[in-house]
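A.B. asks: All the letters of the sequence shown, read from the start, carry residue numbers 1 to 335 under our numbering.
Positions of the beta carbon are idealized from the N, C-alpha and C atoms, including for glycine.
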Amino acid sequence: MAVRDTNRARVLTAASCLLAIACLVMVYRHVPVMVKEVMELLRPEAHRRYLDGTLGGGGHAAEILTHSGPDGRVLGLDWDGEAIAAAKQRLEEFGERLVARRANFTEAREILKEIGWDQVHGVLLDLGLSSHHVGSADRGFSFQLGARLDMRMDRRQALDAFRLVNTAPVRELERILREYGEERAARRIALAVDQTRRRKPIETTSELADLVARVAGRTRGRSIHPATRTFQALRIAVNRELQNLQGFLEDAYELLLPEGRMVIISFHSLEDRLVKTAFRKWSSNCLCPPRAPFCRCGWSQKTKLLTARPLIPCREEVQMNPRARPAKLRGVERL
Ligand SMILES: C[S@@+](CC[C@H](N)C(=O)[O-])C[C@H]1O[C@@H](n2cnc3c(N)ncnc32)[C@H](O)[C@@H]1O
1 MAVRDTNRAR VLTAASCLLA IACLVMVYRH VPVMVKEVME LLRPEAHRRY
51 LDGTLGGGGH AAEILTHSGP DGRVLGLDWD GEAIAAAKQR LEEFGERLVA
101 RRANFTEARE ILKEIGWDQV HGVLLDLGLS SHHVGSADRG FSFQLGARLD
151 MRMDRRQALD AFRLVNTAPV RELERILREY GEERAARRIA LAVDQTRRRK
201 PIETTSELAD LVARVAGRTR GRSIHPATRT FQALRIAVNR ELQNLQGFLE
251 DAYELLLPEG RMVIISFHSL EDRLVKTAFR KWSSNCLCPP RAPFCRCGWS
301 QKTKLLTARP LIPCREEVQM NPRARPAKLR GVERL
C-alpha cells in the first residue's frame, strides 16, 4: 500500500513538473522585433556559428537556426531561467545546433572559450525586457499588474526593486529617475518615496504607481501613465542594464571572426547612444583628438559600419506589435 502511494506521489510530482514546464512554454509570449532586418544584416549561413546574447523566447534564434540549416549553430545566452527553459523547449527541433546557457552576455567570451568556439560569424543582442517579463504579474515589472516590487530579470541577484526603492538614498533615487527615466518630477517623487517609506516599506507595484500618480500625475503634457518613466528607470537600475551593455561593448568586436557581423537592437536612447559610440569607435582608424598634428593613439580600425543611421521598424510592424515602436537597430562587420 505504502509503495503504491509513493509511486502515485512520484507520478503526480512528475506530472505537475511537466505541466509547469508546459504552462511556462505556453505562456512565454514574445514577438521578436525587426526579424527581416536582423536576418538581412546577419546573413546566417550553413557551417557557421552565431551568438544570441539575449535568447529570450528564442524567436530570433529560431530564424538564425532555420536560415543556417542544416548545420549552423547558435550559442544562446539569457540570465533569466524562465527564458532559457522556454527557448530550449521551443527550439528542441534543432537538437544540438542550439547550446543554451543561463548567463549574462558580459560572460560571452568565457563561455565561447569553454565550448571551444572562441569566435563567431555573427552576434545578436536584442536588449531590454521580453513581453513575458511585462506580462507576468509575479515578476513585479508592471504597474498594471499589482505585485511585490521585484523587476529582476535574473532572479539570482540580491538587489530587487523593493530593496532599491526602500533603501537607496534620496539623491540616488532622484538621479536614477532623472537619468534613466528622464522624469521631470524626479526630485518630488524621490522625496515622496522617502516620506512614505519612513512610515512603512513600499511593497507593491501598485503602491508605488499610486504614489507617483499622486505626486506627478498632473504634470502638463504627459501622454503616458505617470508611473511609466519611474518604472522604466528603476528597472534599468535594478538590472544594471547600461553597465552591462557598456561592459560588453568594451571589446565585443573581438568575439567576431573576420567578416563576422554584430547587430544590436536597443529600446532606450541611452542604450542606443552607447551602441552608436562603440560602433563608431570600432569603425574609425584613429582616436586622437581631431586637431592632433599626428596620430599617437595606436588604435587601428576593427569594424566597418553597416548602418550609418539606426534602422527602425516599419509602420506595419509597429501596427502589429506596438512594443517594436522604440526599437533601433545598428550593425557592424569585423574587418
Ligand atoms: C527582448 S528579449 C529578447 C527576445 C528574443 N530576441 C526573442 O526573439 O525571443 C531580451 C532578453 O534578454 C535578456 N537579457 C537582458 N539583459 C541581459 C544580460 N545582460 N545578459 C543576459 N540576458 C539578458 C532578458 O532576460 C530577456 O529575456
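#1: Go to Arg-235, then tell me how far its alpha helix (DSSP H) extends in each direction, as first and last residue.
#2: Measuring from the CB of Leu-311, is there a heavy atom of ligand 1 at a distance below 7 Å?
#3: Going by the DSSP bridge assignment, what does Glu-333 pair with across the sheet?
#4: Is the beta carbon of Met-34 less than 8 Å from the beta carbon of Trp-79?
#5: Is Leu-55 helix, strand or coil by DSSP?
#6: Going by the CB atoms, is the gap between Arg-261 and Glu-333 shorter than 8 Å?
#7: Do Val-123 and Leu-98 have their CB atoms nearer than 8 Å?
#8: Return the chain-ordered list of same chain residues with a C-beta closer than 6 Å to the C-beta of Ala-186, the five sequence neighbours on each side being excluded.
#9: Quick one: what's Gly-76 bridged to in DSSP?
#10: For Lys-200, which three-state DSSP category applies?
#11: How would you write the range of the beta strand (DSSP E) that Gly-122 sits in, first residue to last?
#12: Bridge partners for Lys-328 per DSSP, in chain order?
#13: Answer with buried or exposed for Arg-280, where buried requires no fewer than 16 other C-beta atoms within 10 angstroms of its C-beta.
#14: Check whether the Cβ atoms of Leu-255 and Leu-127 lie closer than 8 Å to each other.
C.D. replies: Result, derived from the coordinates:
#1: Walking along the sequence shown from the start, residue 235 turns up at place 235. Taken as a continuous stretch (DSSP letters only), the alpha helix (DSSP H) holding Arg-235 covers 228-238.
#2: By 1-based counting over the sequence shown, the position of residue 311 is 311. False, no ligand heavy atom lies under 7 Å from that Cβ.
#3: On the sequence shown, residue 333 is found 333 positions in, with the first residue counted as 1. Answer is Arg-261 and Lys-304, bridged to Glu-333.
#4: As a working note, residue 34 is residue 34 in the sequence shown. As a working note, residue 79 is residue 79 in the sequence shown. No; because the gap between Cβ atoms is not below 8 Å, this pair is not in contact.
#5: Your numbering for residue 55 matches position 55 in the sequence shown. Correct three-state label for Leu-55: coil.
#6: Translated into the one-based positions of the sequence shown, residue 333 becomes position 333. Translated into the one-based positions of the sequence shown, residue 261 becomes position 261. In contact: Glu-333 and Arg-261 (Cβ atoms closer than 8 Å).
#7: Locating residue 123 in the sequence shown gives position 123, counting from the first residue. Locating residue 98 in the sequence shown gives position 98, counting from the first residue. No, these two residues do not count as a Cβ contact at 8 Å.
#8: Position 186 of the sequence shown, counting from 1, holds the residue named residue 186. The answer, listed in chain order, is Glu-174, Leu-177 and Arg-178.
#9: Translated into the one-based positions of the sequence shown, residue 76 becomes position 76. Note: Gly-76 sits in a beta bridge opposite Asp-52 and Ala-100.
#10: Position 200 of the sequence shown, counting from 1, holds the residue named residue 200. It is coil, neither helix nor strand.
#11: Indexing the sequence shown from 1 puts residue 122 at position 122. Note, Gly-122: beta strand (DSSP E), 120-126.
#12: By 1-based counting over the sequence shown, the position of residue 328 is 328. For Lys-328, which the question treats as bridged, DSSP gives the partners Ser-266.
#13: As a working note, residue 280 is residue 280 in the sequence shown. Result: exposed.
#14: As a first step, residue 255 is located in the sequence shown; it is residue number 255 there, counting from the start. As a first step, residue 127 is located in the sequence shown; it is residue number 127 there, counting from the start. Their beta carbons are not under 8 Å apart, which means Leu-255 does not touch Leu-127 by this criterion.
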